[in-house]
Each structure stands twice: as structure tokens, then as C-alpha cells.
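Chemist: Here it is: the structure, laid out below.
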Amino acid sequence: MTSQNASMAKKFGYTNVRGFLAGEPAWSKAGLPLYATDEYVTKGNIVLLDMREDGVAVEGRIPRSIQITFDDLYDRIDDIPRNAPVVIYANDEEEEMEALNELRDEGFKHVAIVIDGFDGWVARGGAVETGPIFTTEISWVRQLGKGEVSVAEFRQAVMGELPDTYVIDARTADEIAELGIFPNTVNIPLDEIPKRLDELPKDKRIFVHCSTGARADLAYRELINHGFETKFLLLDISDPECDCPILMPE
1003 MTSQNASMAK KFGYTNVRGF LAGEPAWSKA GLPLYATDEY VTKGNIVLLD MREDGVAVEG
1063 RIPRSIQITF DDLYDRIDDI PRNAPVVIYA NDEEEEMEAL NELRDEGFKH VAIVIDGFDG
1123 WVARGGAVET GPIFTTEISW VRQLGKGEVS VAEFRQAVMG ELPDTYVIDA RTADEIAELG
1183 IFPNTVNIPL DEIPKRLDEL PKDKRIFVHC STGARADLAY RELINHGFET KFLLLDISDP
1243 ECDCPILMPE
């Protein structure tokens, strides 16, 4: 989150805002862990993996978790959807960190750990499921949240195949200069959007993207508050799923 993003967050009513400028990618690259909230474990659109040894999960497991033991992770890595947020818990913290780093090394961008593992979950009063496990197959489908645009629809827009659609790239000019921009897209950095509302078409729907979706979400809220029909892309645009052509500045 940049200083501009922090200012925008304050505008939306958040009072205690601090920014970690390098963001989640740098945090993960440094090998540091991310932890999932209990609500996210319970309700998030995630793949939840129980990585403890065989037999333990029958005695108790977090509901909707799929068992892939720590020892089997390498052999089953291709069974895990690459674009899915993954949350894990294992026999101990050391195994959790090893599994976390292996998944990151394999290209998984959003991997987190259950806080204090299964024992911590139980101690906090989390729900527990017991009994036989009938499948270890992973069935995960991306679910769009409020205001999100699908990757397919976004791709149509930048390819010029979706009439009456205006696409905003909310990244900074420096990012565009270094990384390029999608076709049929207008660069309006997040912090400039409130000052440039009069440039935006009221008779078209607006799609917003940035590098990961965080700034696009803030821009979406700003535009919705001003009456624009808006959706945002919640996706790391370096993800192969995006698969949109990039134009480099001359």
C-alpha cells in the first residue's frame, strides 16, 4: 500500500492506517509467513489443506479441509488449482513453514497458515469434523465477490470485444513505463481518480484493474460512490490466467 493508497483508505473512514510499501509480494519473497483469520478459514473461497499424518484427520479436522499429508505434497502439487488461495495446517509450525515455502516455490501466490494450527483452532472454539474421509479430491471454483469482474469479461474488454466499456489502469505512471499497459485501457492512477471524475463516461460501464486488485478495489468504491457503474479485477495481472496482450510505451 502506497502513501496515496493510505490516504484513500482514510477517506473511506479507516482511522488507523499504516502502509507497508513493499506489499505482500515482498513479504512472501522474504520467506515470511501469512496467517489466515478464522473467518477466512470458515467462509473464504479457498483450498484448505490438512497436511497432518494419515489417520489423525479422522479423529478431528477443520470442516471442508482436504487431506494431503506433508509427505504427499510434492506428488500431489498438480492437484491443487494454481490460482486458488491456499490455507494449510500441519503437524507443527516447522512443517507448515516448509509446506508454505514449497507451495510458493511452485508458483502459488496466495498461501497462508491456520493460526496456531489445528490445536489453536480447537482452543479458539472452531468447529471440528470427525469420522471417515470419503474423498481427497480437490474441487474448487473461483467465486466472484461483490463488484468483481470475471477474468473472461475483463479480457473481452481489453481486447475491444465488449462494447460500451471503459477500462482504467489504476497503477502509477512509473509502473506503466516499466511494465506496459493493456490495449483499450486508460491509465488513471488511484490517487488521481477523485480529481478526474469529469473525464469518465457516465454512459459506459467501467472496469478497473491495478497490479493485484487492492488499488482497483479502492478505486471501485470511489467510483461507485459517485454513481458510476463499475467493476474491478481482483487478480495479480502477472498470473497466466490473465493472458492479455501488453503494450510497451514508445
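For the sequence shown, the numbering used here begins at 1003 and goes up steadily by one.
Backbone N, C-alpha and C define an ideal beta-carbon position, used for all residues, glycine too.
1. Which residues in the same chain have their Cβ closer than 6 Å to the Cβ of THR1232, if we skip the five residues on either side of it in sequence?
2. Just grab the DSSP bridge partners of LYS1233 for me.
3. Taking buried to mean at least 16 other C-beta atoms within 10 Å of its own C-beta, is GLU1150 buried or exposed?
4. Suppose you measure from the CA of ASP1166 to the CA of ASN1103; what does that come to, to the nearest Å?
5. Note down the Cα distance separating PRO1087 from GLY1215, rounded to an integer number of angstroms.
6. Using three-state DSSP, classify VAL1113 as helix, strand or coil.
7. With three or more C-beta pairs closer than 8 Å as the rule, is the stretch 1133-1151 touching the stretch 1168-1175?
8. In the structure shown, what three-state DSSP assignment does TYR1168 receive?
9. By the DSSP assignment, the beta strand (DSSP E) with TYR1076 in it spans what residues?
10. Taking contact to mean at least 3 C-beta pairs separated by less than 8 Å, is the stretch 1090-1107 in contact with the stretch 1124-1143?
11. Assess contact between the stretch 1036-1049 and the stretch 1071-1086, defined as three or more Cβ pairs (one per stretch) separated by less than 8 Å. Is contact present?
12. Going along the chain, which residues of its own chain have a beta-carbon closer than 6 Å to the beta-carbon of GLU1108, five neighbours each way excluded?
13. If I'm right that GLU1061 touches THR1137 with Cβ under 8 Å, what's the distance once you round it to whole angstroms?
14. What is the DSSP secondary structure of GLU1096, reduced to helix, strand or coil?
15. Would you report the Cα separation of PRO1242 and PHE1110, rounded to the nearest angstrom?
16. Could you give the distance in angstroms between the alpha-carbon of GLY1015 and the alpha-carbon of PHE1072?
17. May I ask which residues mark the beginning and end of the alpha helix (DSSP H) holding ILE1239?
Modeler: From the atom records:
1. Here the set comprises ILE1208, TYR1222, LEU1225 and ILE1226.
2. PHE1209
3. buried
4. 44 Å
5. Cα to Cα, PRO1087 sits roughly 14 Å from GLY1215.
6. Of the three classes helix, strand and coil, the one that applies to VAL1113 here is strand, per DSSP.
7. no
8. TYR1168: strand per DSSP, three-state reduction.
9. TYR1076 -> not in any beta strand (DSSP E); alpha helix (DSSP H) instead, spanning 1075-1078.
10. no
11. yes
12. ILE1079
13. The Cβ separation is near 18 Å, so there is no contact.
14. helix
15. 12 Å
16. So the alpha carbons of these two residues sit roughly 43 Å apart.
17. Careful: ILE1239 lies outside any alpha helix (DSSP H) and carries neither H nor E.
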